[in-house]
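Contents: one structure, followed by commentary.
Residue numbers (this note's numbering): 1 to 557.
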């Protein structure tokens, strides 16, 4: 037996249930082990490769049987430790990870799993443990530390979000956790008081992660909306997140026999609508089959309604802690004749962001509708990405693209049997860029038409997403003003306001990548504001496009 073999063997078998060769619906997985080995007065920080292979998508992947006899790490062995540790890790054989098929579309990914913070003393191997973490100056005991991220073509995503409603599920048998809990002094803690949370650069976060005890299978289960650092600790060590609130809506889109109710909350929560023919008797209810971590944008369809009938309704959302928020009771009336009008583009499809291997297509419709983008390197457009969720703000990511290639794409949004389709549009993927540094790929500029007597719009583009900062000052004056936007984007646009008319200003831009701290700074530029009350001539800010077409008419937007 070797140092930390009890952990290594447990993680190694995570890929044993998957084929040694790539499956039709699988992704690559790489397993590592990171921690500290104490040898006398020496402390060695190590990251040890354990195994690699493929993990299936759409079904749980379990660890399987664990055998410590063949575990070898750097040929450093501890005689007799296997017999002591083997019984402690047997419970981990049912540890599972499950990615729903809908969680992400791209299968050209590699999942990196790093079991972290182990501490093993070569002179006392039976006292292996998980070291605590330091959060904002406080030392917090933990019993579990799992770093998970996605990698594509050498680029590591520190945070990888799953499609809303389709979280990753990790199930950890309580029997397997018993040894880890004991070694980390958690053995006296009731399982219901344990919690898994995200460890972020800004502290601990429970948003988008939900933990519960599966009493039927005697397991600790966690559902996470994205990949990041996940640690196990006491519930009391994590601040309770702010309560949920309805920040937009609810709005009702009623037809003859059904109605769609939509609203937005400030934090992830579940979706339920209570309704009835009387304001004092909302006896019927319907809810979406949302995951436990919930969603921000809610949409619930009420069916089996009667034509031209008034209904009362109230929306409810609950968070993972059981805290509920409800709207005021309102009403709607179903239609007598079905709505057969198609949606219309209120913002034509545009390429918002493009990189060597993916592109983000965005557009707006006047009503909630589905999203579909067909694309290819020729106008035959044989590839398609679609989303049946009905929204007005559409965002579709095209993945698996080739750098330096021209692509064609066609956008369609549908309500029932009625659709609106764009013209065939084109985009160019750039050549591969250096992803190790943040670089300004299009210098900052101030559009002369975007300058008024009191405002100016500054634009620039970076190779990777970063925040947006503009530092500006009046020429001949040293007082500097900073305008910033924390959103991580590649295409930056910042509005400077409160300027003086007919005045020269100097400025420079700066972007910072939150995941790496890399900073890109542009060269200094300048502009002059217009005179007060000067009329800016009209011009097109968006080219006219066909919003909808039939054999009888077209709509131009």
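Glycine included, every Cβ here is placed at the ideal spot set by N, Cα and C.
In the three-state reduction of the DSSP assignment, residue 398 falls in the strand class, which pools E and B. Residue 183: member of the alpha helix (DSSP H) spanning 174-183, first to last residue.
In this structure, residue 457 keeps its C-beta atom at 8 Å or more from the C-beta atom of residue 508. Taken atom to atom, the span from the alpha-carbon of residue 130 to that of residue 177 is near 12 Å.
Judged by DSSP in its simplified three-state form, residue 163 adopts coil rather than helix or strand.
Look at residue 138 here: in three-state DSSP terms it is strand.
Annotation for residue 465: the continuous beta strand (DSSP E) segment containing it runs 456-474. According to the DSSP assignment, residue 373 belongs to the beta strand (DSSP E) that extends over 358-376. Contact between the region 196-205 and the region 231-241 is present: 3 or more CB-CB pairs across the two stretches fall below 8 Å. Excluding five sequence positions before and after residue 379, the CB atoms of its chain that fall closer than 8 Å to its own CB belong to 408, 424, given in chain order.
Across the structure, residue 117 and residue 160 are spaced so that their CA atoms are roughly 22 Å apart. The shortest C-alpha to C-alpha distance from residue 333 to any of 58, 278, 298, 414 is the one to 278.
The continuous stretches of beta strand (DSSP E) do not include residue 207, and DSSP gives it neither H nor E.
DSSP places residue 237 in the helix class (H, G or I) of the three-state scheme. If you check the CB distance, residue 438 and residue 518 come in under 8 Å. Across the structure, residue 410 and residue 209 are spaced so that their CA atoms are roughly 36 Å apart. Pairwise C-beta distances place the region 342-359 out of contact with the region 300-309, as fewer than three of them are shorter than 8 Å. The three-state secondary structure of residue 268, taken from DSSP, is strand. DSSP places residue 333 inside the beta strand (DSSP E), whose first and last residues are 330-333. Of the candidates 56, 43, 203, the residue whose Cα lies closest to the Cα of residue 25 is 56. Runs of the alpha helix (DSSP H) spanning 4 or more residues and lying entirely within the region 246-319 do not occur at all.
When the alpha-carbon of residue 397 is set against those of 390, 405, 386, the nearest one is in 386. By the beta-carbon neighbour count (other beta carbons within 10 angstroms, threshold 16), residue 417 is exposed. Taking a 10 Å sphere around the C-beta of residue 42, we find fewer than 16 other C-beta atoms and assign the residue as exposed. By the beta-carbon neighbour count (other beta carbons within 10 angstroms, threshold 16), residue 405 is exposed. Around the Cβ of residue 247, a 10 Å sphere holds fewer than 16 other Cβ atoms; the residue is exposed.
Exposure of residue 326 is indicated by the presence of fewer than 16 other C-beta atoms within 10 angstroms of its C-beta.
Distances from the alpha-carbon of residue 393 to those of 371, 401, 375 put 371 closest. Residue range 144-152 is occupied by the beta strand (DSSP E) that includes residue 149.
Excluding the 5 residues flanking it on each side, residue 441 has same chain C-beta neighbours closer than 6 Å at 461, 463, in chain order. Look at residue 101 here: in three-state DSSP terms it is helix. In the three-state reduction of the DSSP assignment, residue 342 falls in the coil class, being assigned neither a helical nor a strand state. Residue environment: residue 479 is assigned as exposed (fewer than 16 neighbouring CB atoms within 10 Å of its CB, all protein chains considered). Residue pairing by DSSP places residue 212 opposite 221 in a beta bridge.
For residue 112, the pairing in a beta bridge is given by DSSP as 30, 149.
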